[in-house]
Amino acid sequence: MALVQDVIAFLGRLGLWDVVLPFILVFTVTYAILERTKVLGADPDGTPKHRFNAMLAVVTGFIVLIAVDTLNVINVFSEMIVILILVAVCIAVIFGFFGFQEFHKKWYFMAIAVLVFGTASLYVLGVFDYLDWNALRRYEGVIVGLIIFFLILWIILRKGKKELTEEEKKKSKKKKAEEKKKRGAEEEKEQEPEGGSSPVDLDKFLSGLSENAKREILSGVMQHPAAASGKFTVKDMNEVIKNLSKETIQELMAKGQVR
């Protein structure tokens, strides 16, 4: 146990807790906000400018390290966040144990539950007994500043989410249009008879038919627009067959030329 304490104390002397972790926290939050909102613009394909976002996040992190007062506020605030996370996990475990599966979908219920449970936990632990409420007046500026900061952050994230939703809707519409077009092409392909583009051997097709049937089929072939091109396909022949008399079609069916 002493070894672990020595390691933690050594890391503290190196500035891990007071410098490195706050820098990582500020960098991560700033970079995530810039990536989400695309404040610095985006590439033609819609992806955020990662290099600019990372550079600005690094600069912001170093500025926070230089401002000692801000760094102290972040250190204190980080401890509060850890406590709130632990409280939220405990609440989630309790709700899961009692079977409230749909509770997490209402975020305001969760926020109220966290607030009530957290306040009760602090009261039971006796934290309020050590608080000097008069001392809060010295931090009125910090408290107001934090409220304004989180309000602006909420507005930015809400706007970014709205823009992202509109972009997703456009992509969804485009995808649906492409799927509809593809589906229509597949249906046309299914409706096209098998071997529709294959050429027709008229001599073989007419062999074994009566003279009346031959004359009617040849007349239809000559009147068809494809006859002038010299390339008469199975698809063209099916169009000719649709206009034949009932007797000729029955003769073709008996021969197996038409299904």
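Using my numbering, read the sequence shown as starting at 354 and increasing by one per residue. Built from N, CA and C at the ideal position, the CB exists for glycine as well. The model shown is predicted, which means the values in this text are computed figures rather than measured ones.
One or two residues paired with P552 in a DSSP bridge: Against the sequence shown, residue 552 aligns to sequence position 199. Paired residues: T586.
Taking Cβ positions, are K332 and G561 nearer each other than 8 Å? As shown, the chain starts at 354 and ends at 612. That puts residue 332 outside it, with no answer to give.
Closer than 8 Å is the cut-off here; do at least three beta carbon pairs connect the stretch 371 to 390 with the stretch 402 to 414? At 8 Å Cβ cutoff, the stretches touch.
Span of the alpha helix (DSSP H), counted from its first residue to its last, around P375: As a first step, residue 375 must be located in the sequence shown, where it is residue number 22. From DSSP, the alpha helix (DSSP H) with P375 extends over 374 to 390.
P578 by DSSP, collapsed to three states: which one? One-based indexing of the sequence shown puts residue 578 at position 225. P578: helix per DSSP, three-state reduction.
Spatially closest choice to W507 from V373, V382, C443, G365, by CA coordinates: Position 154 of the sequence shown, counting from 1, holds the residue named residue 507. Restricting attention to V373, V382, C443, G365, the CA atom closest to the CA of W507 is found in V382.
Whose C-alpha, out of G399, L418, A445, is nearest the C-alpha of F380? As a first step, residue 380 must be located in the sequence shown, where it is residue number 27. With distances taken between Cα atoms, F380 lies closest to L418.
Helix, strand or coil: which one does DSSP assign to A407? For the purposes of this step, residue 407 is identified with residue 54 of the sequence shown, where counting begins at 1. DSSP places A407 within a helical segment (H, G or I) once states are collapsed to three.
Could you name the residues of the same chain whose beta carbon sits closer than 8 Å to that of L499, not counting the 5 residues immediately before and after it, in chain order? For the purposes of this step, residue 499 is taken as residue 146 along the sequence shown, with counting starting at 1. So the qualifying residues of the chain are V426, F430.
Can you round the beta-carbon distance between K402 and G394 to whole angstroms, since I take them to be within the 8 Å contact cut? Indexing the sequence shown from 1 puts residue 402 at position 49. Indexing the sequence shown from 1 puts residue 394 at position 41. The C-beta separation of K402 from G394 comes to about 6 Å, placing the pair in contact by the 8 Å criterion.
Drop a sphere of 10 angstroms on the beta-carbon of M590, count the other beta-carbons inside from all chains shown, and report buried for 16 or more, exposed for fewer. Along the sequence shown, read from residue 1 onward, the residue named residue 590 stands at position 237. Buried, because 16 or more other Cβ atoms sit within 10 Å of the Cβ of M590.
In this structure, does DSSP put N362 in helix, strand or coil? Taking the first residue of the sequence shown as position 1, residue 362 is located at position 9. The question names Asn, but residue 362 is Ala in the sequence shown. When DSSP states are grouped into helix, strand and coil, A362 belongs to the helix group.
Please classify P546 as buried or exposed, where buried requires at least 16 other C-beta atoms within 10 Å of its C-beta. Residue mapping note: residue 546 aligns to position 193 of the sequence shown, counting from 1. Below a pLDDT of 50, predicted positions are generally treated as unreliable, and P546, at 45, falls in that range; the measurement from the model is reported next regardless. When all chains shown are included, P546 counts as exposed.
Which one of M575, Q576, E569 has the shortest CA to CA distance from K599? On the sequence shown, residue 599 is found 246 positions in, with the first residue counted as 1. Ranking the options by Cα distance to K599, first place goes to E569.
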